[in-house]
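Residue numbers (the numbering used here): 76 to 598.
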């Protein structure tokens with residue numbers, strides 16, 4: 076019965092698998108109560124199902140019962156104890172209790188080192204698991220060190236390559252990807268794929284994972300045509316050889332949709348997102364959070380198409396599901412509120428938009444006070460809404476609060492700061508406080524100058540804005556100089572009939588005449 080349960084567990088048929096293991100446990104308790112080792116194995120099998128269902132607290136109880144039995148049954152130690160210790164460590168990793176996870180994996184390692192040689196692939200697997208903990212703890216350099224130890228053992232043990240070796244290549248590739256070391260990550264994923272394709276009759280799932288990982292790297296490098304090719308190959312493999320893995324298939328569909336979205340192929344992107352939604356609707360109830368995620372994905376594309384009413388409908392459905400079925404996930408609820416606020420803002424429904432951003436801000440400040448970026452974003456958006464409602468004092472208050480947080484918590488090259496500085500400059504210009512406005516606009520200009528190409532239109536806009544402020548300060552010579560700098564950039568990056576270009580030429584002509592300056596014919 077346990078064998079049948081294990082097969083069903085691998086097929087993710089958890090409820091059926093659990094039924095077989097429970098029946099096995101009842102028989103063992105009734106007829107074989109002295110075989111505590113076998114009962115412990117069954118408890119571990121039940122734990123394996125519960126961890127697949129993400130029921131971590133329940134999982135831990137079964138693993139701990141198994142461990143207690145094994146330690147009594149094997150007073151001098153046994154490799155089966157190591158297996159249970161690893162299982163417990165894995166639960167702690169999933170619960171993000173990283174120190175305890177490493178503690179249990181190291182206990183397992185100590186036992187294994189008594190029974191296996193230093194070059195054992197079993198020991199290597201446990202070392203890999205410590206690497207996984209460090210990876211999830213975002214200690215990427217340390218994780219790579221452990222993965223490299225495992226890789227060294229595997230390459231010695233399997234000189235001609237092995238599926239397990241390919242997986243370690245992928246672990247290293249994934250870690251390098253997190254460090255934005257895309258070229259190095261690509262090399263490791265390609266090595267993994269090369270091994271897997273030699274063992275293709277056994278490695279279809281691994282091949283799909285490698286293809287997907289390569290697609291992720293290429294996508295991050297904005298190599299969209301290459302990325303979509305790998306994502307589509309991954310999808311074909313999954314649909315043909317791993318058809319029951321609906322999670323993997325949905326992941327491939329969403330990845331393809333993201334590439335199409337970024338290429339501006341919005342209708343095609345929505346079609347792939349809808350395919351993913353249909354699969355999720357088949358496997359989950361209509362109020363499952365995964366359905367909400369799909370609604371959000373579709374809404375994001377509709378917003379890019381400026382189909383705000385349709386987008387809002389999907390966003391509101393997503394929010395309702397999250398509030399009713401995932402009340403503990405306040406982060407996603409707050410992000411959902413923000414998304415609705417953005418859509419309403421684009422519809423010029425500023426009062427409604429303001430209400431949703433304020434709700435989001437309350438959640439972020441209460442539950443995630445250290446998430447400075449989200450809090451600053453909300454403050455900024457609230458400030459802009461106040462601006463559009465002509466509540467200028469409140470607009471300045473929120474914009475300045477957001478700016479203070481951003482400047483203290485993100486890279487000085489974050490262009491969000493430049494946008495906030497620009498908005499504040501405009502607010503103070505509107506209030507007639509031109510000296511203060513000039514300070515903000517000059518900061519904005521210097522930031523854009525550091526981050527953007529020298530002929531970027533936003534640098535031109537900053538120069539133009541500084542020129543306008545100098546005009547308001549009755550400094551026409553300085554204003555003229557900035558207008559001329561702005562015009563030089565506009566001529567490089569804007570079409571000849573663009574309104575901003577014509578306005579700048581008009582400003583220069585007007586100031587030149589007023590100053591009695593004769594322009595060069597080339598100006």
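All C-beta atoms in this analysis are idealised placements derived from N, C-alpha and C, irrespective of residue type, glycine included.
Only a predicted model underlies this, so the values are computations on that prediction, with no experimental measurement involved.
Who are the near neighbours of residue 79 in its chain, counting only those whose CB is closer than 7 angstroms to its CB and skipping five residues on each side? 95
Would you kindly report the start and end of the unbroken alpha helix (DSSP H) that includes residue 92? 89-106
Around the C-beta of residue 166, are 16 or more other C-beta atoms found within 10 angstroms, so that it is buried, or is it exposed? buried
Please go through the region 471-558 and give each complete alpha helix (DSSP H) segment of 4 or more residues, from N-terminal end onward. 490-505, 509-526 and 532-547
How about the region 252-262 and the region 223-240: do they share at least three Cβ pairs that are nearer than 8 angstroms? no
Using 8 angstroms as the threshold, is the region 311-321 in touch with the region 265-280, meaning 3 or more CB pairs across them? yes
Along the chain, where does the alpha helix (DSSP H) containing residue 137 start, and where does it finish? 131-148
Secondary structure at residue 187, three-state DSSP: helix, strand or coil? helix
May I have the straight-line CA-CA distance separating residue 335 from residue 361, to the nearest angstrom? 27 angstroms
Roughly how many angstroms lie between the CA atoms of residue 354 and residue 98, to the nearest whole one? 32 angstroms
Coarse secondary structure for residue 179, derived from DSSP in three states: helix
How about residue 552 and residue 576: are their beta carbons less than 8 angstroms apart? no
Alpha carbon to alpha carbon, how far is residue 163 from residue 139? Give it in angstroms, no decimals. 7 angstroms
If we ignore side chains and look at the alpha-carbon of each, how far apart do residue 344 and residue 418 end up? 19 angstroms
Starting from residue 418, trace the alpha helix (DSSP H) in both directions and tell me its first and last residue. 405-421
Can you check which of these residues, 339, 332 and 363, is closest to residue 351 by C-alpha distance? 332
With a threshold of 8 angstroms, are at least 3 pairs of Cβ atoms found where one atom belongs to the region 490-508 and the other to the region 518-532? yes
For residue 243, which option in 232, 222, 250 and 231 has the closest C-alpha, if you only look at C-alpha atoms? 222
Considering only residues of the same chain and omitting the five flanking positions on each side of residue 459, which have a CB-CB separation below 8 angstroms? 420, 470, 474 and 498
Please name the residue in 270, 227, 295 and 231 whose C-alpha comes closest to that of residue 257. 295
Taking the beta carbon of residue 318 as the centre, do at least 16 other beta carbons fall within 10 Å, making it buried, or is it exposed? exposed
Let me know if residue 483 comes out buried or exposed under the rule of 16 or more other beta-carbons within 10 Å of its beta-carbon. exposed
Is the region 194-206 close to the region 165-181, with three or more CB pairs under 8 angstroms? yes
So, are the CB atoms of residue 477 and residue 454 less than 8 angstroms apart? yes
When DSSP labels each residue in this structure, what does residue 430 get in the three-state scheme? helix
Please report how far the alpha carbon of residue 188 lies from the alpha carbon of residue 404, in whole angstroms. 41 angstroms
Of the residues 226, 107, 212 and 435, the one placed nearest residue 197, counting alpha carbons only: 226
Starting from residue 330, follow the alpha helix (DSSP H) in both directions and report where the run begins and ends. 321-337
Cα separation between residue 426 and residue 464? 8 angstroms
Tell me which same chain residues have a C-beta within less than 7 angstroms of the C-beta of residue 337, skipping the five on either side of it? 299
Taking 7 angstroms as the limit between beta carbons, can you name the residues of its chain near residue 428, skipping five residues before and five after? 416, 419, 420 and 460
Residue environment, residue 423, which counts as buried when at least 16 other CB atoms sit within 10 Å: exposed
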